[in-house]
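A.B. asks: Questions regarding the structure given below will be posed in turn.
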Amino acid sequence: MKISCILTFIAILSYINVTSQTLYHETYDWEKPLVDYQDSVNDKVIIKENYAVEYAFDGDYFYEYRLKHVIEYINSDEQIELSNKKYITLYTNNELLSAKVRVIKRDGKIIEMGKDKVLSSSDETTGQISHYFALEGLEKGCIVEYMYTIRKYPQYNGIIRYIQESDSIISYQFHLMSPKHLIFDFAVYNDTNQVVIDTTETEKNHWKLNINQISALNDEPQAPYNKLLKQVWYKLDRNLAKGTKDISSYGDASQNIYRQMFDLGNKKEQQALHKFLSKLVLPENSTTEQKVIAIENYLKSNINLVEDVSSEYGNMGWVLENKTASDIGMTRLMVQSFKKLGVDFQLVLTNDRTQSFFNTKFESYNCLSFYLIYFPELKQFITTENFLFRYPIIPHEYTDNQGLFIKETELGDFKTGIGKVKYIPPLDYNKSANNLDIVVSINPELDTVHLNITRTSTGYYAVYEQGYYSLINQQDKEKMVKEGLHLLMKDLTISSYEVFNGDINQVGKDPYIIQCKALHTEMIEQAGNKFLFKVGDLIGPQVEMYSETQRKLPVWDVYKRCFVRHLVIEIPEGYKVINVSDLALEAHYEKAGKKVLLFESTYSVQENSITIDINEYYDQLYFEVDEYESYRKVVNSAADFNKVVLILEQYNFKK
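In the working numbering, the protein residues as written are 89 to 743.
In structure tokens:
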């Protein structure tokens, strides 16, 4: 969540006097150990899960308490291996109040550990610290029971709690408690049960959700898994003591973000911005698009982006002085720069659609995780948070999604931000291409293939290589190019190569091109008096979607895309291809009279050469289960081309 919640927090602190109360976790405990559970079908079953959230005051401080209690049945070697560590979700500034675990063996023996046995380890790469119990005595048919409570800085503007997972759950309970004057709102998805309030509770609000017999939901490739899970969303909605409501609404968020991002800052910051932008050279009589490109390139070339969340990295004056910014700092700098240079724009907040869906009905801050800037005149976006992505390319996870568009509006002498939820379209399929132009010459001895390869990439296929190419040294450039070519064709011997448009400021503008001369000795082989040429290898390895099980979940593809391949095969004199018709392949999916998916391979023969043209594209992202077979058929057609082998046969030929 990228939004400052200071205003909401101040509203919460304006409360009516709350007397000391017993908190839920202070009296909650596990019961007698479960010793007689058996299951001969499943490798793992979650017998019980209880997740409780309580918001409460401790003196003048407002905290959130989270309790988690789980009982699991373990019944396979694989699950024993996966369960030998029980992790505790503990972030910075979280306090672990209590923790314990017990392993109940089949013979009734119990191995119990307390908080003093919680271990920690640090990831050498990320520095992230993990906290866990190292369990002892696990065996098939045992039960693992653990519970812990943490105290943390409160989150209340929108939280998702996923209920379902890849193991079945017999009993699930969710509780949320708050002081009487703080009213929360809830929404349950993918289940008919709803959150209800405990009317017998008089000292505080207590909401409950109980769901029994939750079936397992296994993930599948490219499925919107998190969107399909049973889940509960919750947020603070009203403060009865202050008479405020819609505390976590998109309208409230829009005004909060506007104050944070659109404020011009003090005089010193304005002077620093003026000085910084004075070095930006715009084309004479520049169009809006030229201005956007120039401003984005200038900012991303002169300000370093870091993941640090320290407040100074979001302060525009500090950012301009130190040339380093967090995502918030860069967003604010971009907003101020576009305002100062007269470019019409709207600030957009959205989420990663691969992690959760953007909720248009249950307005919640957890949907407002990433910043974009939208230009109404151009109908295009830029991202403020990634220096590699340049106009008009934004991370595909944010596209085919909804977003909160915030526009500055004047009401007399008063300026404010008005937010509206709108659609963020994906990049057109023909803007994200990975094209090949290859001329193949088979030597007269038929033991070596010479190749002239031109690979032309745009959109998502270009952004990372093209973005990094100008930023790395010559040795790393060579390594990156050669590794990419070897991914295209294994065992390729590269004679020479040349790169065009390898500058980061060309991302999204010019195609990234690699031209290569190479040879290959494994692509052709002899079989008796014939030779086999693996023509399918020319397009690189393709995804295969073959499965013996029936698809159960829809597909949400990553991005629209296309592949145009032009292949010319020069055959040695005295030889002919006897199965050239194998090159003709076609599969498509038509919707509303339009081909939205296509794989088509055609060919022509001219004396001693064969020309192959392959057109493949994907102009749809979301596929329901009943559309999956059509999607799979097109994807597998490319994999089928991989398997095509041309048979060369000698014939009597004299010029």
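Cβ atoms here follow ideal geometry from the backbone N, Cα and C, with glycine treated the same way.
Note down, in chain order, each residue of its chain lying with its Cβ closer than 6 Å to the Cβ of Asp-307, except the 5 sequence neighbours on either side.
C.D. replies: As a position in the sequence shown, residue 307 is number 219, starting the count at 1. Listed in chain order, the non-local C-beta contacts of Asp-307 below 6 Å within the same chain comprise Tyr-313, local neighbours out to five positions each way being set aside.
A.B. asks: Which residues bound the beta strand (DSSP E) around Tyr-161?
C.D. replies: For the purposes of this step, residue 161 is taken as residue 73 along the sequence shown, with counting starting at 1. Counting along the chain, the beta strand (DSSP E) containing Tyr-161 begins and ends at 149-162.
A.B. asks: Do you know how far the Cα of Tyr-511 is from the Cα of Val-431?
C.D. replies: If you number the sequence shown from 1, residue 431 lands on position 343. If you number the sequence shown from 1, residue 511 lands on position 423. Their backbone Cα atoms lie some 21 Å apart in a straight line.
A.B. asks: For Ile-135, which option in Leu-316, Ser-209, Ala-304, Tyr-706 has the closest C-alpha, if you only look at C-alpha atoms?
C.D. replies: Against the sequence shown, residue 135 aligns to sequence position 47. The shortest C-alpha separation from Ile-135 is found at Ala-304.
A.B. asks: Are at least three pairs of beta-carbons, each pair with one atom in the stretch 227-247 and one in the stretch 177-194, less than 8 Å apart?
C.D. replies: yes
A.B. asks: Can you name the residues that DSSP bridges to Gln-109?
C.D. replies: Translated into positions along the sequence shown, residue 109 becomes position 21. Gln-109 is not bridged by DSSP to any residue.
A.B. asks: Hey, His-484 and Tyr-549 are a contact pair by Cβ (cut 8 Å); roughly how many whole angstroms apart?
C.D. replies: The sequence position of residue 484 within the sequence shown is 396, counting from 1. The sequence position of residue 549 within the sequence shown is 461, counting from 1. Not really, about 11 Å apart at Cβ, beyond 8 Å.
A.B. asks: With Leu-734 and Val-665 assumed to form a contact (beta carbons below 8 Å), what rounded beta-carbon distance in angstroms separates them?
C.D. replies: Numbered from its first residue, the sequence shown carries residue 734 at position 646. Numbered from its first residue, the sequence shown carries residue 665 at position 577. Rounded, the Cβ-Cβ distance is 5 Å, consistent with contact.
A.B. asks: Whose C-alpha, out of Ile-481, Val-684, Val-423, is nearest the C-alpha of Leu-352?
C.D. replies: As a working mapping, residue 352 is identified with position 264 in the sequence shown. Cα-wise, what sits closest to Leu-352 is Val-423.
A.B. asks: If contact is defined by three or more beta carbon pairs under 8 Å, each pair taking one atom from either stretch, is the stretch 449-458 in contact with the stretch 240-251?
C.D. replies: yes
A.B. asks: What do you get for Asn-373, buried or exposed, if any count of 16 or more other CB atoms within 10 angstroms of its CB means buried?
C.D. replies: Here residue 373 refers to the residue found at position 285 of the sequence shown. The residue in question, Asn-373, is exposed, as its Cβ has fewer than 16 Cβ neighbours within 10 Å.
A.B. asks: Candidates Met-201, Leu-539, Glu-717: which alpha carbon is nearest Lys-636's?
C.D. replies: Here residue 636 refers to the residue found at position 548 of the sequence shown. Note on residue identity: the sequence assigns Glu, not Lys, to residue 636. Closest option to Glu-636, Cα to Cα, is Glu-717.
A.B. asks: Output yes or no for whether 8 Å exceeds the beta carbon distance between Val-587 and Tyr-634.
C.D. replies: Within the sequence shown, numbered from 1, the residue matching residue 587 stands at position 499. Within the sequence shown, numbered from 1, the residue matching residue 634 stands at position 546. Not a contact, by the Cβ cut-off of 8 Å.
A.B. asks: With DSSP as the reference, label Tyr-250 as helix, strand or coil.
C.D. replies: Taking the sequence shown and counting its residues from 1, one reaches residue 250 at position 162. DSSP places Tyr-250 in strand when its eight states are reduced to three.
A.B. asks: Taking the beta strand (DSSP E) that Asn-540 belongs to, which residues open and close that run?
C.D. replies: Here the question's residue 540 lines up with position 452 in the sequence shown. Where Asn-540 is concerned, the enclosing beta strand (DSSP E) stretches over 537-545.
A.B. asks: Got a sec, what are the start and stop residues for the beta strand (DSSP E) Thr-419 sits in?
C.D. replies: Sequence index remark: in the sequence shown, residue 419 carries index 331 (1-based). Thr-419 -> not in any beta strand (DSSP E); alpha helix (DSSP H) instead, spanning 415-428.
A.B. asks: If you run the structure through DSSP and keep just helix, strand and coil, what is Gln-562?
C.D. replies: For this step, residue 562 is matched to residue 474 along the sequence shown. Note: Gln-562 maps to helix in three-state DSSP.
A.B. asks: Got a sec, what are the start and stop residues for the alpha helix (DSSP H) Thr-376 sits in?
C.D. replies: On the sequence shown, residue 376 is found 288 positions in, with the first residue counted as 1. Where Thr-376 is concerned, the enclosing alpha helix (DSSP H) stretches over 376-390.
A.B. asks: Under 6 Å Cβ to Cβ from Asn-278, same chain only, skipping five residues before and after it: list those, please.
C.D. replies: As a first step, residue 278 is located in the sequence shown; it is residue number 190 there, counting from the start. Contacts found: Lys-318.
A.B. asks: So, does the stretch 263-280 touch the stretch 316-336, judging by three or more C-beta pairs under 8 Å?
C.D. replies: yes
A.B. asks: From Val-276 to Leu-170, what does the alpha carbon distance come to, in whole angstroms?
C.D. replies: Indexing the sequence shown from 1 puts residue 276 at position 188. Indexing the sequence shown from 1 puts residue 170 at position 82. Computed Cα separation, rounded: 30 Å.
A.B. asks: Would a C-beta distance cut-off of 8 Å place Met-349 and Leu-435 closer than the cut-off?
C.D. replies: Start at 1 with the first residue of the sequence shown, and residue 349 comes out as number 261. Start at 1 with the first residue of the sequence shown, and residue 435 comes out as number 347. Closer than 8 Å, so yes.
A.B. asks: Run through the DSSP bridge pairs and tell me what Asp-701 is partnered with.
C.D. replies: Counted from its first residue, the sequence shown places residue 701 at position 613. Bridge partners of Asp-701: His-654, Thr-690.
A.B. asks: Measuring CA to CA, which of Tyr-719, Val-732, Gln-738, Ser-725 is closest to Pro-309?
C.D. replies: As a working mapping, residue 309 is identified with position 221 in the sequence shown. The shortest Cα separation from Pro-309 among Tyr-719, Val-732, Gln-738, Ser-725 belongs to Tyr-719.
A.B. asks: Give the C-beta separation of Ile-592 and Gly-628 to the nearest angstrom, bearing in mind that I take them to be a contact with Cβ-Cβ under 8 Å.
C.D. replies: Residue numbering aside, residue 592 sits at position 504 when the sequence shown is read from its first letter. Residue numbering aside, residue 628 sits at position 540 when the sequence shown is read from its first letter. The Cβ separation is near 25 Å, so there is no contact.
A.B. asks: Would you call Arg-194 buried or exposed, if buried means 16 or more other Cβ atoms sit within 10 Å of its Cβ?
C.D. replies: Walking along the sequence shown from the start, residue 194 turns up at place 106. The residue is exposed, with fewer than 16 neighbouring Cβ atoms inside 10 Å.
A.B. asks: Taking the alpha carbon of Thr-504 as the point to measure from, which residue in Thr-375, Tyr-179, Ser-389, Gly-339 has its own alpha carbon closest?
C.D. replies: For this step, residue 504 is matched to residue 416 along the sequence shown. Comparing Cα-Cα distances from Thr-504 to each of Thr-375, Tyr-179, Ser-389, Gly-339, the minimum goes to Gly-339.
A.B. asks: DSSP puts Val-230 in a beta bridge; with which residues?
C.D. replies: Mapped onto the sequence shown, residue 230 falls at position 142. Per the sequence shown, the amino acid found at residue 230 is Cys instead of Val. According to DSSP, Cys-230 bridges with Ile-162.
A.B. asks: Do Leu-607 and His-676 have their beta-carbon atoms positioned less than 8 Å apart in this structure?
C.D. replies: In the sequence shown, counting from the first residue as 1, residue 676 sits at position 588. In the sequence shown, counting from the first residue as 1, residue 607 sits at position 519. Contact flag unset, no.
A.B. asks: Who does Leu-466 pair with in a DSSP beta bridge?
C.D. replies: Position 378 of the sequence shown, counted from the first residue, corresponds to residue 466. Under the DSSP definition of a beta bridge, Leu-466 lacks any partner.
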